[in-house]
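J.:
Residue numbers (our numbering): 4 to 598.
(1) To the nearest angstrom, how far is the alpha carbon of residue 95 from that of residue 395?
(2) Less than 8 angstroms separating the beta-carbons of residue 209 and residue 225?
(3) In this structure, does DSSP put residue 488 in helix, strand or coil?
(4) What is the residue span of the beta strand (DSSP E) that residue 496 lies within?
(5) Can you find a CB in chain B that lies within less than 8 angstroms of the CB of residue 177?
(6) Report the rounded CA-to-CA distance for residue 99 versus residue 106, giving the unit in angstroms.
(7) Looking at the unbroken alpha helix (DSSP H) that takes in residue 378, where does it start and where does it end?
(8) Under the assumption that residue 284 contacts residue 108 (Cβ atoms under 8 angstroms), give the Cβ distance between them as a whole number of angstroms.
(9) Between the alpha carbons of residue 263 and residue 144, how many angstroms are there, rounded?
(10) Compute the distance between the beta-carbons of residue 30 and residue 24, then report whether it is under 8 angstroms.
(11) Quick one: Cα of residue 250 to Cα of residue 295, how far?
(12) Which runs of the beta strand (DSSP E), 3 residues or longer, sit entirely within the region 132–212?
(13) Looking at the unbroken alpha helix (DSSP H) that takes in residue 316, where does it start and where does it end?
(14) Between the region 354–364 and the region 272–292, do at least 3 Cβ pairs fall closer than 8 angstroms?
(15) Based on the DSSP secondary-structure assignment, which residues constitute the bridge partners of residue 387?
(16) Below 7 angstroms CB to CB, which residues in the same chain sit around residue 599 once its five sequence neighbours on both sides are set aside?
(17) Quick one: grab the DSSP three-state call for residue 482.
(18) Could you give the DSSP three-state label for residue 413: helix, strand or coil?
(19) Check this for me: beta carbons of residue 179 and residue 241, under 8 angstroms apart or not?
(20) What does a CB cutoff of less than 7 angstroms around residue 58 pick up in its chain, not counting 5 residues either side in sequence?
(21) Consider the C-beta atom of residue 155 and the heavy atoms of the ligand ATP; say whether any pair is separated by less than 7 angstroms.
(22) Just how far apart, CA to CA, sit residue 469 and residue 445?
(23) So if DSSP puts residue 69 in a beta bridge, which residue, or which two residues, is it bridged to?
(24) Runs of 4 residues minimum, wholly inside the region 72–112: which ones carry the alpha helix (DSSP H) assignment?
(25) Between 372, 334, 138, which has its C-alpha nearest residue 53's C-alpha?
(26) Does the distance from the C-beta atom of residue 471 to that of residue 351 stay below 8 angstroms?
(27) Quick one: what's got a C-beta closer than 8 angstroms to residue 383's C-beta in the same chain, skipping five residues either side?
(28) Between which two residues does the beta strand (DSSP E) carrying residue 464 extend?
(29) Could you tell me the distance, in whole angstroms, from the CA atom of residue 399 to the CA atom of residue 464?
(30) Below 6 angstroms CB to CB, which residues in the same chain sit around residue 293 once its five sequence neighbours on both sides are set aside?
(31) Going by beta carbon distance, what residues of the same chain come within less than 6 angstroms of residue 378, once the five residues before and after it are set aside?
(32) On the DSSP bridge assignment, give the partners of residue 361 in chain order.
(33) Among all the DSSP beta bridges, which residues are the ones paired with residue 393?
(34) Can you name, in chain order, every residue of its own chain whose Cβ lies under 8 angstroms from the Cβ of residue 286, other than the five neighbours on each side?
(35) Look up residue 577 in the DSSP assignment and say whether it is helix, strand or coil.
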């Protein structure tokens with residue numbers, strides 16, 4: 004992804020605040036190769052519409068295969084950058100380990116190519132096209148397999164020369180073992196042997212002989228123990244066999260080098276093919292990881308549009324959904340429609356009622372979508388492309404800059420106003436909090452007004468009545484609330500667009516056991532006017548909604564009436580036509596009778 008295609012984030016750590024890093028950590032667990040793991044953990048939201056659309060289609064195609072019980076093969080593969088760089092050097096010879104790594108890639112690619120057979124191509128158009136773009140040379144992996152076995156060792160039959168050398172070695176090893184056993188019996192009877200009997204020195208089998216008997220055996224003394232009590236001797240009867248074995252070892256190493264050199268020369272012209280195969284594997288690994296992860300949280304591909312818009316239906320916070328799956332709890336989805344003239348939502352309601360989770364859900368789902376990931380929602384959801392995300396979430400206090408929480412948040416607001424435009428998504432949690440409520444509310448309203456003038460899309464959470472009133476009075480901004488069960492005084496976590504929410508502070512305080520005198524005093528301090536604001540807003544919003552519904556009914560009746568008039572006019576025309584036709588036919592009949 005180029006720098007130009009990256010989504011602009013303000014501030015830069017917002018993905019962490021939205022817990023996007025936790026999403027990537029989970030995604031990485033579904034990857035097979037280390038290179039795909041690295042790519043998963045560094046995934047970044049894009050603003051390239053075509054690239055995102057293609058990624059969503061590829062992942063959705065893979066998910067369809069998984070749901071039908073089949074998916075293209077994928078297994079572990081290794082990085083090849085250093086191996087291929089070394090292979091590019093003339094006369095370079097790859098090791099057996101390097102050959103194994105290259106074979107992993109080529110063999111896996113062979114299996115994937117076979118999977119996307121002509122019968123499957125109509126079902127996997129995007130994935131099949133991705134695989135088809137890479138040249139395929141199955142002879143390369145076969146050539147490596149002829150040389151190396153499953154464990155990465157040179158095969159016995161890698162060449163006729165190697166086969167002959169190893170047969171000789173096996174025969175000599177048998178002879179050596181036979182002579183060794185014979186000498187062990189002889190030396191044991193004579194009491195020459197130390198406790199360990201035999202050992203290896205300089206790559207050759209030797210006897211461990213008690214030092215006082217070392218002059219009694221004709222052969223070569225290769226070594227003595229640190230104490231001087233044991234000598235390591237190669238007797239004359241096995242000397243020639245060991246020499247022959249040593250010579251055969253040398254021949255074997257030369258022949259293996261020749262084989263690997265020949266194989267390296269065979270692979271060298273295909274470095275680009277091997278590199279492209281690896282790149283394709285990483286991409287396919289990422290696609291299957293996204294698809295398997297999406298299967299865990301019921302992800303789908305919503306309708307994705309090239310212009311900014313928000314139209315979530317039955318959407319979920321993916322991490323919350325996964326957590327509740329594990330705990331067998333129900334998760335409440337949300338709907339949010341900002342596709343017409345409405346572009347912003349002022350979300351209010353009680354603390355711990357789900358305001359912040361809903362707001363974070365909107366941001367996290369958008370980031371996942373623009374990273375080419377499927378999201379948990381109704382497939383009829385319609386979501387657009389944003390080029391900028393500005394979000395103010397959580398405690399922004401900066402010890403380094405000696406800024407208070409409120410000062411830090413104002414700094415964020417200043418940056419938002421500088422960078423935001425109609426392609427921006429703005430998320431602000433507890434808008435205006437952190438200072439004197441009246442002053443904080445007034446500044447928040449002014450900022451909200453400026454953001455609205457910039458035509459940004461946004462969702463803000465607040466307790467401030469003036470922001471709810473501003474949303475009610477301003478075209479293009481909606482009030483919304485998280486519903487609350489007044490009877491049990493518990494949140495229901497349902498998002499209700501069109502109605503502002505109450506904090507239910509007095510009800511919750513009363514339920515917590517605070518004394519009547521404290522609450523009565525508090526109510527007097529708040530005042531009747533301020534307590535009535537929330538209810539007045541709710542009543543006005545309800546009446547406004549009822550008026551809109553009545554207007555829709557009237558418009559519907561007007562359409563029906565207009566259609567009835569059209570039908571009547573058409574019927575009148577048809578009747579007039581038939582009357583004239585009958586009159587004409589009668590005249591024609593009279594003329595025929597006269598004639």
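Glycine is no exception: its CB is placed at the ideal position from the N, C-alpha and C atoms.
T.: This is what the structure holds:
(1) Their Cα atoms are separated by approximately 56 angstroms.
(2) A contact, by the Cβ cut-off of 8 angstroms.
(3) Residue 488 falls in the strand class under three-state DSSP.
(4) Unbroken beta strand (DSSP E) run through residue 496: 493–500.
(5) Annotation note: the requested chain B is absent from the structure, which comprises a single protein chain.
(6) Rounded to whole angstroms, residue 99 to residue 106 spans 10 angstroms at the Cα level.
(7) No alpha helix (DSSP H) holds residue 378; DSSP gives it neither H nor E.
(8) So it is a contact: roughly 6 angstroms between Cβ atoms.
(9) A direct Cα-to-Cα measurement between residue 263 and residue 144 gives close to 14 angstroms.
(10) No. Outside cutoff.
(11) About 55 angstroms.
(12) Every beta strand (DSSP E) stretch that sits fully inside the region 132–212 and reaches 3 residues is listed by chain position as 196–204.
(13) For residue 316, there is no enclosing alpha helix (DSSP H); the residue is part of the beta strand (DSSP E) that begins and ends at 313–318.
(14) Contact between the region 354–364 and the region 272–292 is absent, because fewer than three Cβ pairs lie under 8 angstroms.
(15) Looking at the DSSP assignment, residue 387 forms a beta bridge with 308.
(16) With the chain represented from 4 up to 598, any question about residue 599 goes unanswered, as that position is not in the structure.
(17) Three-state DSSP puts residue 482 in a strand.
(18) Residue state, collapsed to three classes: helix.
(19) Result yes, Cβ atoms of residue 179 and residue 241 sit closer than 8 angstroms.
(20) Taken in chain order, the residues that qualify are 375.
(21) In terms of ligand content, the structure shown is empty, and the ligand ATP therefore cannot be addressed.
(22) Looking at the two C-alpha atoms, the distance is approximately 8 angstroms.
(23) Per DSSP, none; premise fails for residue 69.
(24) If we require 4 residues or more, the alpha helix (DSSP H) runs fully inside the region 72–112 come out as 84–90.
(25) For residue 53, the closest alpha carbon among the candidates 372, 334, 138 is that of 372.
(26) For residue 471 and residue 351, yes; Cβs fall inside 8 angstroms.
(27) If we look at residue 383 and ignore the five residues flanking it on each side, its Cβ neighbours are 305, 306, 316.
(28) Counting along the chain, the beta strand (DSSP E) containing residue 464 begins and ends at 460–464.
(29) At residue 399 the pLDDT is 49, less than 50, meaning the model places this residue with poor confidence; the figure from the coordinates comes in the next sentence. In this structure, the CA atom of residue 399 is about 16 angstroms from the CA atom of residue 464.
(30) The beta carbon of residue 293 sits closer than 6 angstroms to the beta carbons of 62, 376 from its chain, once the five residues preceding and following it are set aside; these are given in chain order.
(31) The answer, listed in chain order, is 302, 368, 371, 372.
(32) DSSP output for residue 361 lists no bridge partner at all.
(33) DSSP lists 13, 429 as the beta-bridge partner residues of residue 393.
(34) 133, listed in sequence order.
(35) When DSSP states are grouped into helix, strand and coil, residue 577 belongs to the helix group.
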